[in-house]
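As structure tokens, the structure follows; a few thoughts come after it.
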Amino acid sequence: MNKELVFETKVTAPGIAIGAAFVFKPYSYELEQIAKNTPKSSEEQTQLEQARNKVLQQLNHALKRNQLTHGEKFGAIFESQMAFLQDEVLIKEILGEIREKSCHAAIAVNTVLSRKSEHFLNLDNNFFRERAFDIIDLRQKWILALLGRGIDYQLSYPAIIVAETLSPSDTVNFNRNLLLGILTDQGGYTSHSAIFARGLNIPSMVNNTNLSQLIKNKDTLILDGRYGKVILHPKAETLARYKTLQKEYEVVSHVHPGGWQEPTQTTDGIRVELMLNIEFAHEASRVHEFSADGVGLFRTEALLFERDNIPDEHCQYSIYKKTLLNLKGAPCTIRTFDLGGDKLLKGVTEYSEPNPFLGWRAIRFSLDNPLIFKTQLKAMLRASVHGPLKILIPMINTVDEILHVKELFNEARQELRLNSVETGDSVELGIMIETPAAAVTATALARYADFLSIGSNDLTQYTLAVDRTNNRIADRYNPFEPAVLKMILHTIRAAEETGKPLSVCGEFAAEPRAIPLLLGMGLRQFSVAPVNFYIVKKIIHSVNLKECQNLFNRAETIFRASEIEELCEGFLQNNVPDLHTLK
Numbered sequence: 110m111n112k113e114l115v116f117e118t119k120v121t122a123p124g125i126a127i128g129a130a131f132v133f134k135p136y137s138y139e140l141e142q143i144a145k146n147t148p149k150s151s152e153e154q155t156q157l158e159q160a161r162n163k164v165l166q167q168l169n170h171a172l173k174r175n176q177l178t179h180g181e182k183f184g185a186i187f188e189s190q191m192a193f194l195q196d197e198v199l200i201k202e203i204l205g206e207i208r209e210k211s212c213h214a215a216i217a218v219n220t221v222l223s224r225k226s227e228h229f230l231n232l233d234n235n236f237f238r239e240r241a242f243d244i245i246d247l248r249q250k251w252i253l254a255l256l257g258r259g260i261d262y263q264l265s266y267p268a269i270i271v272a273e274t275l276s277p278s279d280t281v282n283f284n285r286n287l288l289l290g291i292l293t294d295q296g297g298y299t300s301h302s303a304i305f306a307r308g309l310n311i312p313s314m315v316n317n318t319n320l321s322q323l324i325k326n327k328d329t330l331i332l333d334g335r336y337g338k339v340i341l342h343p344k345a346e347t348l349a350r351y352k353t354l355q356k357e358y359e360v361v362s363h364v365h366p367g368g369w370q371e372p373t374q375t376t377d378g379i380r381v382e383l384m385l386n387i388e389f390a391h392e393a394s395r396v397h398e399f400s401a402d403g404v405g406l407f408r409t410e411a412l413l414f415e416r417d418n419i420p421d422e423h424c425q426y427s428i429y430k431k432t433l434l435n436l437k438g439a440p441c442t443i444r445t446f447d448l449g450g451d452k453l454l455k456g457v458t459e460y461s462e463p464n465p466f467l468g469w470r471a472i473r474f475s476l477d478n479p480l481i482f483k484t485q486l487k488a489m490l491r492a493s494v495h496g497p498l499k500i501l502i503p504m505i506n507t508v509d510e511i512l513h514v515k516e517l518f519n520e521a522r523q524e525l526r527l528n529s530v531e532t533g534d535s536v537e538l539g540i541m542i543e544t545p546a547a548a549v550t551a552t553a554l555a556r557y558a559d560f561l562s563i564g565s566n567d568l569t570q571y572t573l574a575v576d577r578t579n580n581r582i583a584d585r586y587n588p589f590e591p592a593v594l595k596m597i598l599h600t601i602r603a604a605e606e607t608g609k610p611l612s613v614c615g616e617f618a619a620e621p622r623a624i625p626l627l628l629g630m631g632l633r634q635f636s637v638a639p640v641n642f643y644i645v646k647k648i649i650h651s652v653n654l655k656e657c658q659n660l661f662n663r664a665e666t667i668f669r670a671s672e673i674e675e676l677c678e679g680f681l682q683n684n685v686p687d688l689h690t691l692k
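Residue numbers 110 to 692, in the numbering used here, belong to the letters of the sequence shown in order.
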């Protein structure tokens with residue numbers, strides 16, 4: 110009997126999956142043998158083109174399959190891969206390799222695309238590293254087409270897909286009804302397979318231990334997307350416990366009948382606004398499905414990384430318009446591009462910086478690129494005639510930055526009006542509080558903004574001087590640290606003093622232990638990912654505001670994060686039913 114093994118992993122899409130493994134190893138070939146023969150360049154060029162067309166047909170088939178199953182969802186991902194294959198510069202580079210080296214087309218494709226993927230993999234940012242896996246996928250598909258081999262996507266049983274990496278076309282080609290979860294060796298939160306998994310509401314994890322080499326077909330697996338654990342060969346009692354947890358998790362994390370359609374409020378009737386964070390226009394329709402109060406954060410970077418370029422004004426306008434129409438009158442807060450740091454864009458922000466998180470990012474990039482910034486502002490202003498729209502500016506630190514933003518905002522509006530383009534009358538401009546500088550001067554900043562939003566991820570990172578993407582110091586990244594809580598409290602008090610609305614839209618807003626604490630501090634607006642919505646709502650519905658205030662008063666007297674966490678954990682244990690399913 111196999112021993113139960115437990116592995117720590119990174120969660121890229123939450124949930125609990127239990128089932129048999131399907132180890133996906135589509136790319137098995139040897140190029141050494143064909144390298145021994147000297148080919149005719151003209152024949153290799155013809156084969157290169159034929160194989161490219163075959164891969165384009167495969168991607169087009171995946172796109173159409175995706176449209177049938179998911180509508181417009183994820184479509185741009187396939188379109189960007191097809192555009193990459195049709196890049197004439199790329200084709201010339203491969204043809205040049207064939208002619209100069211007198212090599213086979215498969216070897217030329219391997220050489221050129223490996224060079225490109227390695228370049229991206231060596232860059233110090235998540236977005237480019239994860240786009241490199243798309244290039245690796247295209248390289249493999251192209252080589253297989255040249256070798257006359259196909260890929261088997263047929264699942265004969267409900268399974269958790271285990272793979273070294275998984276591409277968008279791989280993901281969409283599996284039978285959705287048999288796909289229980291995804292476990293890959295490579296990738297991250299912004300990888301395309303992770304985006305697919307979140308969109309399909311299935312658990313997804315990334316491990317750093319090459320589990321695809323250890324796990325065998327039909328091995329029993331458990332993916333615990335609450336704690337980031339993979340359990341291989343679970344014992345009978347472990348399996349039974351997780352089957353119970355899975356049922357309970359599904360109850361609290363999916364649509365609830367009856368009272369769940371009611372406004373979000375505490376047990377003593379204090380109203381709390383609970384909104385959704387989204388990345389794609391189609392997700393806006395979930396506001397009505399969840400009875401949410403609107404979209405508290407629309408991250409527009411996804412528009413860029415689906416395409417690897419900046420969409421023009423009309424393209425952006427169409428996306429924002431679709432979002433607002435899907436909301437049917439519910440409010441939407443759209444954040445301007447938050448580029449830089451770990452979110453780089455080819456040809457725009459890809460150059461290397463000694464410390465990108467302290468460098469040319471977010472509003473700094475936008476203000477230094479007024480044409481790009483005004484294009485986005487114009488698209489938002491045009492879309493604002495279709496519903497209530499607010500514009501959120503990331504990483505503001507000074508009043509001067511706000512004034513500069515307002516200057517460009519007014520220019521964008523005036524240019525539209527000079528061209529007789531209609532815009533909304535009451536588009537609000539808000540700012541994100543993401544740095545200690547912004548938090549300690551929040552009262553002054555708030556006087557120049559219409560609303561505030563705390564980005565708890567970056568605020569924690571900058572307050573504690575901890576790079577949250579650095580695994581060596583990840584354990585030091587903790588928003589429960591008293592210094593971070595003081596920054597949040599100072600911002601809440603600044604919003605109260607100036608009468609400006611304030612929300613928290615980072616991961617801390619969906620941390621179960623933090624929710625009563627934030628309520629006790631005075632927060633009345635939360636914006637969370639769809640998968641966390643009902644968990645947060647359940648907690649708010651279960652607590653009394655006076656008791657939350659008492660919780661915060663006790664927390665203020667504690668100077669160790671671990672003790673604050675224990676205090677909040679105990680509060681949840683005493684006040685929230687089914688707590689073990691919520692974490």
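C-beta: ideal position from N, C-alpha, C; glycine also.
Legend entry - Closest residue to residue 172 among 163, 161, 162 and 187 (Cα-Cα distance): For the purposes of this step, residue 172 is taken as the residue at position 63 of the sequence shown. The residue with the shortest Cα to Cα distance from residue 172 is 187.
Inset, instruction - Starting from the N-terminal side, write out each stretch of the alpha helix (DSSP H) that is 4 residues or longer and does not extend beyond the region 203-252. - result: Note on the region 203-252: whole alpha helix (DSSP H) runs with a minimum of 4 residues are 214-230, in chain order.
Legend entry - the region 112-130 touching the region 302-320, judged by at least three CB pairs closer than 8 angstroms: Short answer: they touch.
Legend entry - Per DSSP, the bridge partner or partners of residue 133: Taking the sequence shown and counting its residues from 1, the one referred to as residue 133 is at position 24. In the DSSP assignment, residue 133 forms a beta bridge with 272.
Inset, instruction - Note down, in chain order, each residue of its chain lying with its Cβ closer than 6 angstroms to the Cβ of residue 126, except the 5 sequence neighbours on either side. - result: If you number the sequence shown from 1, residue 126 lands on position 17. 269, 289, 290, 312 and 332, listed in sequence order.
Legend entry - Rounded separation between residue 433 and residue 494 - CA only: Locating residue 433 in the sequence shown gives position 324, counting from the first residue. Locating residue 494 in the sequence shown gives position 385, counting from the first residue. Their backbone Cα atoms lie some 9 angstroms apart in a straight line.
Legend entry - Reduced DSSP secondary structure (H/G/I, E/B, other) of residue 293: Translated into the one-based positions of the sequence shown, residue 293 becomes position 184. Strand, per DSSP.
Inset, instruction - Give every residue of the same chain whose Cβ lies closer than 7 angstroms to the Cβ of residue 407, excluding the five residues on either side of it in the sequence, and list them in chain order. - result: What you label residue 407 is simply residue 298 of the sequence shown in a count that begins at 1. Answer for residue 407: 387, 432, 441, 442, 443 and 444, listed in chain order.
Legend entry - 9 angstroms Cβ cutoff met for residue 627 and residue 613: Within the sequence shown, residue 627 is the residue found at index 518, counting from 1. Within the sequence shown, residue 613 is the residue found at index 504, counting from 1. Residue 613 sits close to residue 627, with the two beta carbons spaced by under 9 angstroms.
Legend entry - Boundaries (first-last residue) of the beta strand (DSSP E) holding residue 565: Looking up residue 565 in the sequence shown gives position 456. Run containing residue 565: none in the beta strand (DSSP E); it sits in the alpha helix (DSSP H), 565-573.
Inset, instruction - Taking only the alpha-carbon atoms, compute the straight-line gap between residue 326 and residue 262 and give it to the nearest angstrom. - result: As a position in the sequence shown, residue 326 is number 217, starting the count at 1. As a position in the sequence shown, residue 262 is number 153, starting the count at 1. A straight line joining the alpha-carbon of residue 326 with that of residue 262 spans about 14 angstroms.
Inset, instruction - Have a look at residue 133 and residue 258 and give me their C-alpha separation to the nearest angstrom. - result: As a working note, residue 133 is residue 24 in the sequence shown. As a working note, residue 258 is residue 149 in the sequence shown. Cα to Cα, the separation comes out at about 15 angstroms.
Legend entry - Span separating the alpha-carbon of residue 353 from that of residue 273: Taking the first residue of the sequence shown as position 1, residue 353 is located at position 244. Taking the first residue of the sequence shown as position 1, residue 273 is located at position 164. The straight-line gap separating the alpha-carbon atoms of residue 353 and residue 273 is approximately 30 angstroms.
Inset, instruction - Could you say which of 373, 122, 630 and 264 lies nearest to residue 282 if we only look at CA atoms? - result: Taking the first residue of the sequence shown as position 1, residue 282 is located at position 173. Relative to the Cα of residue 282, the nearest Cα in the group 373, 122, 630 and 264 belongs to 264.
Legend entry - Helix, strand or coil at residue 543 according to DSSP, with G and I counted as helix: Locating residue 543 in the sequence shown gives position 434, where the first residue counts as 1. DSSP places residue 543 in coil when its eight states are reduced to three.
Inset, instruction - Assign residue 378 to one of two classes, buried (16 or more other C-beta atoms within 10 Å of its C-beta) or exposed (fewer than that). - result: If you number the sequence shown from 1, residue 378 lands on position 269. Counting Cβ neighbours within 10 Å, residue 378 comes out exposed, since fewer than 16 surround it.
Inset, instruction - Out of 430, 467 and 474, point me to the one whose CA is closest to residue 448's CA. - result: Sequence index remark: in the sequence shown, residue 448 carries index 339 (1-based). Of 430, 467 and 474, the smallest CA-CA separation from residue 448 is found for 474.
Legend entry - Other residues of its chain near residue 683: CB distance less than 7 angstroms, five sequence neighbours each side excluded: The residue given as residue 683 occupies position 574 in the sequence shown. Within the same chain, residue 683 has no close Cβ partners at all.
Legend entry - Heavy atom of the ligand SAH within 8 angstroms of residue 638 beta-carbon: With respect to small molecules bound, the structure shown includes none, and the ligand SAH cannot be examined in it.
Legend entry - residue 381, DSSP secondary structure in three states: What you label residue 381 is simply residue 272 of the sequence shown in a count that begins at 1. Residue 381: coil per DSSP, three-state reduction.
Inset, instruction - Give me the Cβ distance between residue 245 and residue 140, rounded to the nearest whole Å; I'm assuming they're in contact under 8 angstroms. - result: In the sequence shown, the residue the question calls residue 245 occupies position 136. In the sequence shown, the residue the question calls residue 140 occupies position 31. At roughly 15 angstroms, the Cβ-Cβ gap does not stay under 8 angstroms, so residue 245 and residue 140 are not in contact.
Inset, instruction - Kindly indicate which residue of 661, 310 and 662 has the alpha-carbon position closest to the one of residue 359. - result: Sequence index remark: in the sequence shown, residue 359 carries index 250 (1-based). From the listed residues 661, 310 and 662, the smallest Cα separation to residue 359 is found for 310.
Inset, instruction - Take residue 348 and list the residues in its own chain whose beta-carbon comes closer than 8 angstroms to its own, dropping the five residues that flank it on each side. - result: Looking up residue 348 in the sequence shown gives position 239. Cβ within range, chain order: 127, 329 and 331.
Legend entry - Residues bridged to residue 313 [DSSP beta-bridge criterion]: Taking the first residue of the sequence shown as 1, we reach residue 313 at position 204. 122 and 291.
Inset, instruction - Could you spell out where the beta strand (DSSP E) holding residue 422 opens and where it closes? - result: Here residue 422 refers to the residue found at position 313 of the sequence shown. For residue 422, no beta strand (DSSP E) run applies; the uninterrupted alpha helix (DSSP H) run containing it begins and ends at 422-436, by DSSP.
Legend entry - Straight-line Cα distance separating residue 249 from residue 226: As a working note, residue 226 is residue 117 in the sequence shown. As a working note, residue 249 is residue 140 in the sequence shown. Straight-line Cα distance between these residues: approximately 12 angstroms.
Legend entry - Beta-carbon gap between residue 121 and residue 240 smaller than 9 angstroms: On the sequence shown, position 12 is the one that residue 121 refers to. On the sequence shown, position 131 is the one that residue 240 refers to. In terms of Cβ geometry, residue 121 and residue 240 do not form a close pair [threshold 9 angstroms].
Inset, instruction - Return the first residue and the last residue of the beta strand (DSSP E) that residue 332 is part of. - result: Translated into the one-based positions of the sequence shown, residue 332 becomes position 223. 329-333 is the span of the beta strand (DSSP E), which, as asked, contains residue 332.
Inset, instruction - Give the C-beta separation of residue 508 and residue 553 to the nearest angstrom, bearing in mind that I take them to be a contact with Cβ-Cβ under 8 angstroms. - result: Reading the sequence shown from its first residue, position 399 is the one you call residue 508. Reading the sequence shown from its first residue, position 444 is the one you call residue 553. Cβ atoms of residue 508 and residue 553 come within 8 angstroms of each other, at about 6 angstroms.
Legend entry - residue 213 classed as buried or exposed, judged by whether at least 16 other C-beta atoms fall within 10 angstroms: By one-based count along the sequence shown, residue 213 stands at place 104. For residue 213, the number of other beta carbons within 10 angstroms of its own is at least 16, and it is reported as buried.
Legend entry - Pairwise C-alpha distance: residue 596 and residue 693: Past the edges of the chain, shown from 110 to 692, lies residue 693, and the structure says nothing about it.
Inset, instruction - Using DSSP bridges, identify the partner residues of residue 628. - result: Start at 1 with the first residue of the sequence shown, and residue 628 comes out as number 519. Bridge partners of residue 628: none, in fact.
Legend entry - Length of the line joining the Cα atoms of residue 607 and residue 351: Start at 1 with the first residue of the sequence shown, and residue 607 comes out as number 498. Start at 1 with the first residue of the sequence shown, and residue 351 comes out as number 242. C-alpha separation (whole angstroms): 48 angstroms.
Legend entry - residue 338, enclosing beta strand (DSSP E) - first and last residue: Numbered from its first residue, the sequence shown carries residue 338 at position 229. Looking at the DSSP string, the run of the beta strand (DSSP E) that includes residue 338 is 338-341.
Inset, instruction - Compute the distance between the beta-carbons of residue 199 and residue 164, then report whether it is under 9 angstroms. - result: The residue you call residue 199 lines up with position 90 of the sequence shown. The residue you call residue 164 lines up with position 55 of the sequence shown. Not in contact: residue 199 and residue 164 (Cβ atoms no closer than 9 angstroms).
Inset, instruction - Could you tell me whether the region 530-543 touches the region 495-503, using the rule of 3 or more Cβ pairs below 8 angstroms? - result: Touching, yes.
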